[in-house]
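This report refers to the structure that appears directly beneath it.
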Amino acid sequence: MTADALVDCEGTFATLRQAFPAIHSDVDWWIPVNCALLRSGDTSVLVDTGAGPKPRPFMPDGEARLLDELARRGVSPEDVDVVVHTHLHVDHVGWTGSFPNARYVVHEQDWAYFMSERSLADRPHLREKVLPLERVECVTAETEIAPRIHMQPAPGHTPGHVIVRAEGVAAIGDLVAHELQVADPSLFFVNDMDAGVAAATRRRVVAELAADGTRVIAGHFRGIGRFEPAGKGFRWAVE
Numbered sequence: 039m040t041a042d043a044l045v046d047c048e049g050t051f052a053t054l055r056q057a058f059p060a061i062h063s064d065v066d067w068w069i070p071v072n073c074a075l076l077r078s079g080d081t082s083v084l085v086d087t088g089a090g091p092k093p094r095p096f097m098p099d100g101e102a103r104l105l106d107e108l109a110r111r112g113v114s115p116e117d118v119d120v121v122v123h124t125h126l127h128v129d130h131v132g133w134t135g136s137f138p139n140a141r142y143v144v145h146e147q148d149w150a151y152f153m154s155e156r157s158l159a160d161r162p163h164l165r166e167k168v169l170p171l172e173r174v175e176c177v178t179a180e181t182e183i184a185p186r187i188h189m190q191p192a193p194g195h196t197p198g199h200v201i202v203r204a205e206g207v208a209a210i211g212d213l214v215a216h217e218l219q220v221a222d223p224s225l226f227f228v229n230d231m232d233a234g235v236a237a238a239t240r241r242r243v244v245a246e247l248a249a250d251g252t253r254v255i256a257g258h259f260r261g262i263g264r265f266e267p268a269g270k271g272f273r274w275a276v277e
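If you're matching positions, the sequence shown starts at 39 in my numbering and goes up one per residue.
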């Protein structure tokens, strides 16, 4: 089993105050937009597909480089067997449709919510990138999506947000958007669709991953790291 964090693009998204209203700081939030490549035997699983090529309003302005990052690791778009979407926000579906041999996996609740006519009317990126997909598998519970790789529900950020767990590693999407939420899982992120459920899920999953010593690839953290005990809570420790 191998795991790589792939940066599609990076740049400023908002100020900390705009993203986390309880944080009284107007410092710009510089974020990478990450994907994860998990390889088990001959199977290549890509978790999320980044922000994609421009134009991409409201996203970091850096050049999209997911396909280059895959190529550096000897993986072509045709080599990707499975694409898992932790959720269907714009910065997680940018290259969706670029992997002709892949089956796409998403939680049924996210699919139902984001593929509704009302949602599609407000989100042209979904109509362009996601709606045309032909090989979509919607799941509702923990599911083995490839040998030794499982998808687990982790709702709150979106109705059907999931994480992907393999041997000793987890790709967690936007379960935790900023390191501040590792120390304080109750910290509200403006893009969380259900703040209470998101906080409860963060609290539970961060503790589980810390107890296991699991390596973590997050949607907007630099590199790969772990959640480590710190005082009465946890902290992010990058490798």
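Don't be surprised by glycine CBs; every beta carbon is placed ideally from N, CA and C.
Checklist entry - So does the region 211–225 actually touch the region 49–63, counting three or more Cβ pairs closer than 8 angstroms? => result yes
Next on the checklist: Is the beta carbon of His188 closer than 8 angstroms to that of Glu175?
Outcome noted: no
Checklist entry - Which value, in whole angstroms, describes the spacing of the CA atoms of Arg103 and Gly132? => result The alpha-carbon of Arg103 is positioned some 11 angstroms away from that of Gly132.
Item to check | Close-in-space but distant-in-sequence residues of the same chain around Arg186 (CB under 7 angstroms, 5 per side omitted) | outcome: The answer, listed in chain order, is Met39, Ser78, Ala204, Glu205.
Checklist entry - In angstroms, rounded to a whole number, what distance separates the CA positions of Asp212 and Gly194? => result 10 angstroms
Next on the checklist: Just to confirm, is the Cβ distance from Pro170 to Gly198 under 8 angstroms?
Outcome noted: Between Pro170 and Gly198, the CB-CB gap reaches or exceeds 8 angstroms.
Next on the checklist: For Asp66, report the span of its beta strand (DSSP E) as first-last.
Outcome noted: 66–78 is the extent of the beta strand (DSSP E) around Asp66.
Item to check | Beta bridge counterpart(s) of Ile201 as assigned by DSSP | outcome: Gln190
Checklist entry - Which residues in the same chain have their Cβ closer than 7 angstroms to the Cβ of Asp66, if we skip the five residues on either side of it in sequence? => result Thr50, Thr53
Next on the checklist: Here's a check: name, in chain order, each residue in its chain whose Cβ is nearer than 7 angstroms to the Cβ of Arg260, leaving out the five neighbours to either side.
Outcome noted: Counting only Cβ-Cβ distances below 7 angstroms, and skipping sequence neighbours, we find Pro70, Val276.
Next on the checklist: Measuring alpha carbon to alpha carbon, tell me which residue in Ala221, Gly263, Arg253 is nearest Gly269.
Outcome noted: Ala221
Next on the checklist: Can you tell me where the beta strand (DSSP E) holding Trp274 begins and where it ends?
Outcome noted: Per DSSP, the continuous beta strand (DSSP E) segment holding Trp274 begins and ends at 271–276.
Item to check | Whole-angstrom C-beta distance between Leu126 and Pro115, which should lie under 8 angstroms | outcome: Pro115 to Leu126, Cβ: 20 angstroms. No contact.
Item to check | Environment of Thr178 [buried if 16+ CB atoms lie within 10 Å] | outcome: Looking at its Cβ environment, which holds fewer than 16 other Cβ atoms inside 10 Å, Thr178 is exposed.
Next on the checklist: Bridge partners for Ala209 per DSSP, in chain order?
Outcome noted: In DSSP, Ala209 forms a bridge with Val202, Ile255.
Next on the checklist: Could you check whether Val121 and Tyr142 sit closer than 8 angstroms to each other, using their CB atoms as the reference points?
Outcome noted: yes
Checklist entry - Roughly how many angstroms lie between the CA atoms of Gln190 and Ile61, to the nearest whole one? => result A direct Cα-Cα distance of roughly 30 angstroms separates Gln190 from Ile61.
Checklist entry - Could you give the distance in angstroms between the alpha-carbon of Leu44 and the alpha-carbon of Ala159? => result Those two C-alpha atoms are separated by around 30 angstroms.
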